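Take our numbering: the final residue in the sequence shown is number 708, and no numbers are missing along the way. Below is one structure; the comments refer to it alone.
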Amino acid sequence: MDALRTPEIQAAIDEDLGDWRKLAQPLAARYLAEGKDMAVAAQFVSAVAQVAETAGHAVPEIRLANGSVDLFLYTVDSVGGRWITAKDLELARLITGLAAKFQLRSVPAELTQVELALDSADFRATGPFWAALLTGDTANTVHDSVFDPLSRVPPLWFQGTDPHETPRQRWHLDVWLAPEVVDERIAAAVAAGGTVVDTSEAPAYTVLADPEGNKVCVCCSTGRD
C-alpha cells in the first residue's frame with residue numbers, strides 16, 4: 484500500500500478537492516442537504532456506497548444526521564493502520580461529483596475530529612490495556628495507536644515520553660480542524676478563558692490550556708510531512 488504524505492494530499496485538495504480536508508488520519512468532507520427532504524441525503528449516502536463498491540473501494544465511514552452528511556476516507560493497512568492513498572483521492576473526486584449532482588453544499592470549515600493522546604513511556608505495554616477497554620480486543624493496538632474498527636470511540640495515540648512521576652497531566656485531546664478555522668477557534672477558546680501555551684509548532688499544532696491549566700492541542704494538516 485502506497486500511503487500519501489500530507490503535502491501530496493494537500494496538493495490534491497488545492498487542485499480539485501476543495502470539499503475535503505485532511506484530519507488526523509482521514510480525508511473528510513461535510514455536506515448539507517439544506518431545504519431538502521432527508522430522503523435526498525439518504526439517497527446521496529446510498530449513491531456513495533454504490534460508487535465506492537463499483538470502484539473497488541471499501542464503503543467509507545459515513546454519518547448522516549440533522550441534514551448533514553459527514554464522510555471519512557482512508558485505507559486500512561495489513562495491521563489496521565489508517566492511511567490516505569491515491570485510491571482514496573479518486574473516490575473523493577467521485578463523491579464530490581455526486582454531491583454536486585444532489586445539490587448538496589460543502590462546508591469543510593465545520594469539520595472536527597477529536598483524538599485522545601496519552602503520554603506513555605512504553606506504549607507496547609500500555610496499548611493492549613486501552614485497546615481491550617475501549618474496543619474489546621487487544622488486537623486493535625496498531626503501531627502507536629488504538630483504532631476501533633467500527634469507530635465507536637475516538638482514536639487513541641501514545642505520545643512517547645520519558646518515565647515520570649505523577650501527578651502530571653498525561654492525557655490531552657488533539658482537536659483536528661480545517662486549517663482555515665484554526666485561528667478563529669483558538670481566539671474563541673482564549674476569549675472563553677484559555678491561554679496559548681506553545682506556538683513553536685504552529686500551525687501544525689498549537690498548545691492551549693483551560694483556566695485550570697489542562698492542556699489541549701489544536702491541530703491541522705498545514706506544515707506536516
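Ideal placement from N, C-alpha and C gives every residue a C-beta, glycine not left out. From a predicted model like this one, the values you see are computed outputs, not experimental measurements.
Query	Result
What separation, rounded to the nearest whole angstrom, lies between the Cα atoms of M484 and I492?	15 Å
According to DSSP, is S529 part of a helix, a strand, or is it coil?	helix
Compare the C-alpha of K570 against each of W640, L660 and A486 and name the closest.	A486
Count the other CB atoms, across all protein chains shown, that sit within 10 Å of the CB of V625; report buried if there are 16 or more and exposed otherwise.	buried
Is it right to say H655 is buried, meaning 16 or more other beta carbons lie within 10 angstroms of its own, or is it exposed?	buried
DSSP beta-bridge partners for E785?	The chain is shown only over 484 to 708; residue 785 falls outside these bounds and no answer can be derived.
Kindly indicate which residue of V701, A685, S683 and E684 has the alpha-carbon position closest to the one of L691.	V701
Inspect the beta-carbon positions of A583 and L556 and report whether they are closer than 8 Å.	no
Less than 8 Å separating the beta-carbons of A516 and I578?	no
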